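Just so you know, the protein sequences line up as chains A and B, in that order. Count the first sequence with our numbering and you get residues 1 to 433, in order. Count the second sequence with our numbering and you get residues 1001 to 1433, in order. Beta carbons: idealized from backbone N, C-alpha and C, even for Gly. Everything numeric in this text was worked out from a predicted model, so none of it was measured. Read through the structure below, which is laid out as structure tokens, and then see the notes.
Number of protein chains: 2
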Amino acid sequence: MALVVVGGVAAGLSAAARARRIDPRLEIVVLERGPAISYGACGLPYFVDGRIREIRQLMGYTPEYFRRERNIEVRTGARVTSVSHARREVTLESGGRLRYDHLVIATGARCDVAGFAGADQPHVFTLQTLEDGARMRQFLSEKRPRSAVVIGAGYIGLEVADALRRNGLQVTVLERSAHVLGRDDAAFTAAVQRQLEAHGVEFASGVEAREIEADRVGDVRCDMVVVAAGFKPNVELASEAGVATGRTGAIRTDERMQTNLNGVFAAGDCAEATHVVTGRPAYIPLGTTANKMGRIAGANAAGKRERFGGVAGTSIVSVFGMGFAVTGLSAAQARAEGFSPVSARIEANSKPGYFDGRRTTVELTADRSTGRLLGGSAIGEDGAAGRINVIAAALHARLRVEDFEQLDLAYSPPFAPVWDPLLIAAQQLVKEL
Amino acid sequence: MALVVVGGVAAGLSAAARARRIDPRLEIVVLERGPAISYGACGLPYFVDGRIREIRQLMGYTPEYFRRERNIEVRTGARVTSVSHARREVTLESGGRLRYDHLVIATGARCDVAGFAGADQPHVFTLQTLEDGARMRQFLSEKRPRSAVVIGAGYIGLEVADALRRNGLQVTVLERSAHVLGRDDAAFTAAVQRQLEAHGVEFASGVEAREIEADRVGDVRCDMVVVAAGFKPNVELASEAGVATGRTGAIRTDERMQTNLNGVFAAGDCAEATHVVTGRPAYIPLGTTANKMGRIAGANAAGKRERFGGVAGTSIVSVFGMGFAVTGLSAAQARAEGFSPVSARIEANSKPGYFDGRRTTVELTADRSTGRLLGGSAIGEDGAAGRINVIAAALHARLRVEDFEQLDLAYSPPFAPVWDPLLIAAQQLVKEL
């Protein structure tokens, strides 16, 4: 039996490694079109800001490691040009062909700069690969730019804005929609904007920036531009092979991560997954999800029957030391999905006042008719990750806010106040339901 | 209608405040035998170690505040000597009597020094009240003791050991049982012991220390002694009034926090609560639980019908900057409760290696036959509180470890690694089930 995996970063390597653990005799080949595998793309902003000194700190396992320790063949610079599922065969740009019994498509996503006129200029960057990071760092040290425009206020956009500001640049973030992080939540967006502005970063939403000139984007003068928008799943190869995409534009999968073609799985930033709150397909490309999906795809491709538990859209971004975290649906998203959302938003200390507690904002949203929690957010310098994870667990467990209010959470002055902000938010929401 | 609350700290005041919010016309009297109400006893170790400068930082609301802002009468120095439920009446030491329609008993617990010979010497301390804290601080600054014995390795014992060591004392902790924090868990105890010893605190378990001499406890020379053992619920008043206690020795309550006497509620450190894992009564006196129980007792005493969701035994203690957190049952406790526990214990980084992650230990225990999570622990300098709270939420929701493994937890390098230690532990446990 042979397993071919297209893509050698998070999802692809997770799939290959898991398949190997399950079936020691499976023939496994991973095909990566780029020069590197297994890199920590999520660390790139911290390489740009200088907190990570050497780009090799972001490199994970090597092809040699996989060959030697896992008996997995990993080829870099191996671009797959077509898949014939009828013949169970992939064709490489080099002309070579590979037979498979099972195929895992983990082709990732891209920041599609094609929609931006002038994106091919040397002062325009994206931040997806190690080469992107190295090129940006080199530009910063050699050209000493004094100002930057970041197009897009998703995770990468916000992290890059933070990183460039720490390099001393004047930074402006331009976001096409009315909100940040793809989260339709005005209060959350306002909080991010306040934090950006408090640290000298300009933020403008509702700005369509399609033309990049040599020294400006629209009205904003700048010495460099980072495109952190236009994120698109790489589905072309799959589509041409007859793999169906879903309403989100990413590859449709079942709960085993199998596509419409029997024996062909998809995982990571190219694939949809089921949302735990809506029960419907969602496209929320994130590194942690990619690894999880890959693990399930690899298990099933190796003959197991495992189910992916779905995504809640849990994520967190650090903006100048403040954690901005979300999970599940915002009130507006919940309404669009047919729920009757009710929200409560509170501010409270992360610890007792006498123990240097920091202001923490928690918002919880529940469905009026059932009381079921639908989503939430947590903002703070301290404990935002832990708090959003408790809400995420509650979403997976389909807890009602009345149950959530009863959670026995840890209390001790160095860690948390006697009433955790999560519980204060839940009490407030119970009153409003 | 009149509500009388016996006890004016966490549970009692929560009950009174909640009852007032529900019924603006209820007559509410809180009787506190001590001189102070509403104080942050959990902060006392940090007053002893000097991080809290002024004891007034631990003082909360005053009786005047309650009278003025909440229309609640709070009497300090008001010791109740008996309760006649037949007459719906409490008698005060002063001879006065008070009629009630509903009664909330929130008499707390005490550190019972009676079992320790020599406990009345001036160099022997407990740490429960503001006066205890003030007396200990005064002793430290005036007598400049160079060594201390702490009897008991519960939360207070460990926090006091930390605090005294920070004052420069040579500290020895003597614990009667084989484990710390009342948690029958050898690996957890060993981790606490390592942390104590790494910071110069001696720890000996299995040591019965019943006699306190002027300059020693058993073989250990010392200039001062802190008794942080013999914690007992104050049930005498209730028992004499006909209120039943449970198998734990604390006051038996139903899910509304009502005792066996109709209209008499109990809450806080004097009362049992239902354990969310075992479904049986448990006695786990903690500040956060006391507040929650008080809130429910107050609501029901004011005519609502509210249910207390029970306790999971979630708690955390800081020992020299390291968080030691537990929730639910240890494997040994689970076995004693009739489960077939399987545990997995892992060590992993709290963040990516390139982002200054710290070693984190997570243990999860599940029931072999059902896969249901029964408990867990988290140890680390970073994120232990957030992680134990996710496990606690899973216990409330009765998640199986297979579900827990699927949780969509937040990932971003400044906060967490791509595979959170919680998920690594869950994967390990799934393999072992």
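Check: Beta-carbon separation (whole angstroms), LEU181 of chain A vs VAL171 of chain A, contact threshold 8 Å; Outcome: Incorrect: roughly 17 Å between the Cβ atoms, too far for contact.
Check: Contacts that VAL390 of chain A makes with chain B (C-beta to C-beta distance below 9 Å); Outcome: GLY1386, ASN1389, VAL1390, ALA1392 and ALA1393
Check: Bridge partners - SER412 of chain A, DSSP secondary structure assignment; Outcome: A:ALA416
Check: Exposure of THR1189 of chain B, with buried meaning 16 or more beta-carbon neighbours within 10 Å; Outcome: buried
Check: The segment 282–294 of chain A: positions lying closer than 8 Å to chain B by Cβ; Outcome: LEU286, GLY287, THR288, THR289, ASN291 and LYS292
Check: C-alpha gap between ARG400 of chain A and ALA378 of chain A, whole angstroms; Outcome: 18 Å
Check: Contacts of ALA1312 of chain B in chain A (Cβ-Cβ under 7 Å); Outcome: ASP408
Check: Which residues DSSP lists as bridging ARG1055 of chain B, in chain order; Outcome: In the sequence on display, residue 1055 of chain B carries Ile and not Arg. The partner list for ILE1055 of chain B (beta bridge, DSSP) is empty, contrary to what the question assumes.
Check: Beta-carbon proximity list for ALA410 of chain A, same chain, < 7 Å, skipping 5 on both sides; Outcome: ALA416
Check: is_contact[TYR1039 of chain B, chain A] using C-beta, thresh 8 Å; Outcome: no
Check: Residue nearest to GLU208 of chain A in terms of C-alpha spacing, selected from A:ARG387, A:ALA117, A:PHE47 and A:THR314; Outcome: A:ALA117
Check: C-beta contact flag for MET1059 of chain B and TYR1046 of chain B at 8 Å; Outcome: no
Check: Distance CB(ARG1002 of chain B)-CB(ARG1067 of chain B) smaller than 8 Å; Outcome: Note on residue identity: the sequence assigns Ala, not Arg, to residue 1002 of chain B. Result no, Cβ atoms of ALA1002 of chain B and ARG1067 of chain B do not sit closer than 8 Å.
Check: Cα-Cα separation between HIS199 of chain A and ALA161 of chain A, rounded to whole angstroms; Outcome: 10 Å
Check: Test: GLY1303 of chain B CB closer than 8 Å to a CB of chain A; Outcome: no
Check: Pair within 8 Å by beta-carbon distance, LEU429 of chain A and GLY328 of chain A; Outcome: no
Check: VAL149 of chain A beta carbon less than 8 Å from that of VAL220 of chain A; Outcome: yes
Check: Residue-level contact to chain A via CB, ASP1162 of chain B, 8 Å cutoff; Outcome: no
Check: Whether VAL5 of chain A touches VAL104 of chain A by CB criterion (8 Å); Outcome: yes
Check: Nonlocal neighbours in the same chain, by C-beta distance under 6 Å from VAL1124 of chain B, ignoring five residues either side; Outcome: ILE1212 and VAL1225
Check: Chain A within 8 Å of ALA1416 of chain B, Cβ atoms only; Outcome: yes
Check: Whole-angstrom distance between GLN128 of chain A and GLN138 of chain A, CA atom to CA atom; Outcome: 16 Å
Check: Nearest-angstrom beta carbon gap, LYS1232 of chain B and ALA1334 of chain B [assumed within contact, 8 Å]; Outcome: No, ALA1334 of chain B and LYS1232 of chain B are not in contact; Cβ-Cβ is about 26 Å, not under 8 Å.
Check: Partner residues on chain A for GLN1057 of chain B, Cβ-Cβ distance less than 7 Å; Outcome: TYR354
Check: For PRO285 of chain A and THR259 of chain A, the rounded distance between their alpha carbons; Outcome: 17 Å
Check: Counterpart residues of LYS1431 of chain B in DSSP-defined beta bridges; Outcome: Partner(s): none; LYS1431 of chain B has no beta bridge.
Check: Closest by C-alpha distance to GLY1383 of chain B, when choosing among B:ALA1348, B:GLU1402, B:GLY1096 and B:LEU1407; Outcome: B:ALA1348
Check: Beta-ladder partner(s) of THR253 of chain A, from DSSP; Outcome: None; THR253 of chain A has no bridge partner.
Check: THR1126 of chain B vs ASP1120 of chain B beta-carbon contact at 8 Å; Outcome: no
Check: Exposed unless 16 or more other CB atoms sit within 10 angstroms - verdict on PRO421 of chain A; Outcome: buried
Check: Within chain B, partners of LEU158 of chain A - CB distance below 8 Å; Outcome: Near LEU158 of chain A there are no residues of chain B at all, since even the closest Cβ is about 11 Å away, more than 8 Å.
Check: Beta strand (DSSP E) runs contained entirely in the segment 190–246 of chain A, provided each spans 3 or more residues; Outcome: 201–205, 224–227 and 231–233
Check: Bounding residues of the alpha helix (DSSP H) (the contiguous stretch that carries ASN1300 of chain B); Outcome: 1287–1301
Check: SER1377 of chain B, enclosing beta strand (DSSP E) - first and last residue; Outcome: 1373–1380
Check: Partners in chain A for ASP1403 of chain B, counting only beta-carbon separations shorter than 9 Å; Outcome: GLY309, HIS396 and ALA397
Check: Cβ contact (3+ pairs, closer than 8 Å) linking the segment 237–256 of chain A and the segment 75–89 of chain A; Outcome: yes
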